[in-house]
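Student: Quick one: the structure is below, questions incoming.
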Amino acid sequence: MLAAWAQLLREVPRSRLVILAHAVPSLCARVAEQFAAQGVDPERVTVLNRCPRGEYLRQISQVDIALDPFPFNGHTTTCDALWQGVPVVTLAGATYASRFGSSAHAQLGLGELIAESTQAYVAIAAGLAGDLARLQALRDELRPRMAASPLVDGVTFARQVEAAYRQMWHDWRQQPSD
């Protein structure tokens, strides 16, 4: 993942990367070393500490493009970025933990932001960074897309879970007893 992010930083020379983590000195030093080893000035990479929700959402809204981590995609962070109007580039993997981003994007009709390979992930992000009109259009429409999507429809989700529980109970009761 860091190699892909470094490649993206090399391809988009004026870009910067912000990583949200526990910004302890040892982690910051390791991140700086990793990027320097891949030809990226560590000054272009900032590790931010976790912070209260309001500040966190403000920080997200200042980002132009979010990069979904892999092989373990974001979940809440991905949804928060999309809600804040920040496009998220995601890499679809083979497991649930590596497919949440692509699942969320499919619900929002954002298939063009789903990569099937690391090379495509970098290309999608670089392409979006170079197309400011497209980037602005996405930023303008993301919150309305989220608001209209099943991702934030808690009532329907609860009804579907309840129906699944009722069906499981019914199926269990229909099993012959030993």
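Oh and the sequence shown: position 58 is 61 in our numbering, straight run, nothing missing. Beta carbons: idealized from backbone N, C-alpha and C, even for Gly.
Just the Cα atoms here: how many angstroms apart are GLN139 and ALA166?
Tutor: Position 136 of the sequence shown holds residue 139. Position 163 of the sequence shown holds residue 166. Using only the alpha carbons, I get a separation of about 40 Å.
Student: Are the CB atoms of ALA69 and ALA95 nearer to each other than 8 Å?
Tutor: The residue labelled residue 69 in the question sits at position 66 within the sequence shown. The residue labelled residue 95 in the question sits at position 92 within the sequence shown. Not in contact: ALA69 and ALA95 (Cβ atoms no closer than 8 Å).
Student: When DSSP labels each residue in this structure, what does VAL125 get in the three-state scheme?
Tutor: Locating residue 125 in the sequence shown gives position 122, where the first residue counts as 1. Correct three-state label for VAL125: helix.
Student: Report the start-end ranges of each alpha helix (DSSP H) in the stretch 25-94 that is 4 residues or longer and not cut off at the edges.
Tutor: List check, alpha helix (DSSP H) in window: 28-40, 56-64, 79-86.
Student: Is the Cβ-Cβ distance between LEU20 and TRP8 less than 8 Å?
Tutor: Here residue 20 refers to the residue found at position 17 when the sequence shown is read from its first residue. Here residue 8 refers to the residue found at position 5 when the sequence shown is read from its first residue. Yes.
Student: What do you reckon, are the CB atoms on ILE127 and VAL92 nearer than 8 Å?
Tutor: Counting from 1 along the sequence shown, the entry for residue 127 is found at position 124. Counting from 1 along the sequence shown, the entry for residue 92 is found at position 89. Going by C-beta atoms, ILE127 is nearer than 8 Å to VAL92.
Student: Taking the C-alpha atoms as reference points, what is the distance between ALA35 and VAL48?
Tutor: Position 32 of the sequence shown, counted from the start, is the residue given in the question as residue 35. Position 45 of the sequence shown, counted from the start, is the residue given in the question as residue 48. Computed Cα separation, rounded: 7 Å.
Student: If you reduce the DSSP assignment to three classes, tell me which class ALA151 lands in.
Tutor: By 1-based counting over the sequence shown, the position of residue 151 is 148. Correct three-state label for ALA151: coil.
Student: Let me know the secondary structure DSSP gives VAL158 once reduced to three states.
Tutor: Residue numbering aside, residue 158 sits at position 155 when the sequence shown is read from its first letter. Three-state DSSP puts VAL158 in a helix.
Student: Can you tell me the Cα-Cα spacing of SER18 and ALA39, whole angstroms?
Tutor: One-based indexing of the sequence shown puts residue 18 at position 15. One-based indexing of the sequence shown puts residue 39 at position 36. So the two alpha carbons sit approximately 15 Å from each other.
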